[in-house]
Amino acid sequence: MVFGLLFFQLIVLKSPVEKPSSLLGGYFLSLVGLFLFLKGISLCLIPLGESVGSNLVVIDNKFLTIVIGFLIGYLSTLAEPALQALAMEVEEISIGVLPKKLLIQAVAIGFGLGMALGIFKILYQIPSTTVIIPLLIITIILAYFAPKAIVGIAFDSASATTGPVNIPINMAVAIGLSKVIAASDPLLNGFGLVGLTSLGSAITVLILGLLIGM
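Heads up: the sequence shown begins at 91 in my numbering, then just goes up one per residue.
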């Protein structure tokens, strides 16, 4: 990606690069950071997520299991770096009309609700289409009535949740849970959670837009 941007700036735009030494240093640090991050995910986050998911069946109370799913989704979203960057940009462009903290909370709540719905779907082995189609209809209706300025923000926020923190943790939890549910196929029930959480985030941000009239 860096080389692609450099090619575009130097060859297409014919514009010099400012501070090339800083650029090279940053590129090296990003490579090292990405390598360490991916290694950490494979050694820690994914195994831990699957372990948590498979051990959720120990809890007899399914409602409590769903609540735990909500909390996992909510808390992991608060730590998502892509969402932090997006919320900061939205606050700046909107001149404080949509504060960073408010947007992050709305997205995290929606993500948590989507996660809870995904856990519910796995526990009761509900087909993905039965859950996703109604959510898509709700999203379209809200997008039609919501202020135009919030619609793009809502869908960008939903995309921002599918970052390097949320995906490994929440998918691993879902797959780990679906592996130990009797008669459950992890291929059918373990996937689709990311779509549910993204739709949940988009819906809550659209509702926020209706409430604040942005």
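We put the beta carbon where it would ideally sit given N, CA and C, even for glycine.
Computed from a predicted model, the values in this text were never measured in an experiment.
Entirely within the stretch 220-276 and at least 4 residues each: give me those alpha helix (DSSP H) ranges in chain order. 238-250, 256-270
Here's the rule: buried if 16 or more other CB atoms are within 10 angstroms of the residue's CB, otherwise exposed. What is A250? buried
Can you round the beta-carbon distance between T294 and V157 to whole angstroms, since I take them to be within the 8 angstroms contact cut? T294 to V157, Cβ: 17 angstroms. No contact.
Cβ of I183 versus every heavy atom of the ligand ATP: is any distance shorter than 8 angstroms? This structure lacks the ligand ATP; in fact it carries no ligand of any kind.
Using a Cβ-Cβ cut-off of 8 angstroms (strictly less than) and excluding sequence neighbours within five positions of G299, which residues of its own chain qualify? A236, P237, A239, I240, V241, I243, A244
Reference G159; option with closest CA among G253, I199, S247: I199
Determine the contact status of L176 and L193, defining contact as a CB-CB distance below 9 angstroms. yes
Nearest-angstrom Cα separation, counted from I185 out to D150: 48 angstroms
CB-CB under 6 angstroms to I216, same chain, minus the five flanking residues each way: which ones, in chain order? none
Unbroken alpha helix (DSSP H) run spanning S159, endpoints: The residue asked about is misnamed: residue 159 is Gly in this sequence, not Ser. It spans 152-168 - the alpha helix (DSSP H) in which G159 sits, taken as one unbroken run.
What span of residues does the alpha helix (DSSP H) with L173 cover, start to end? 171-183
List the whole-angstrom C-beta distance separating N256 from E170, where the pair is believed to meet the contact cut-off of C-beta under 8 angstroms. 6 angstroms
Range covered by the alpha helix (DSSP H) that runs through S132: No alpha helix (DSSP H) contains S132, which DSSP labels as neither H nor E.
Taking all protein chains shown into account, do 16 or more other C-beta atoms lie within 10 angstroms of the C-beta of T155, making it buried, or fewer, making it exposed? buried
Measuring straight from C-alpha to C-alpha, what distance separates L224 and S218? Checking the sequence, you will find Pro at residue 224 rather than Leu. About 11 angstroms.
Give me the residue from I227, I302, A248, M178 with the minimum Cα distance to G204. A248
Cα-Cα, which of S132, V187, L226, G163 is closest to I302? V187
I need the boundaries of the alpha helix (DSSP H) containing I194, first residue and last residue. 190-213
First and last residue of the alpha helix (DSSP H) that includes G299? 283-302
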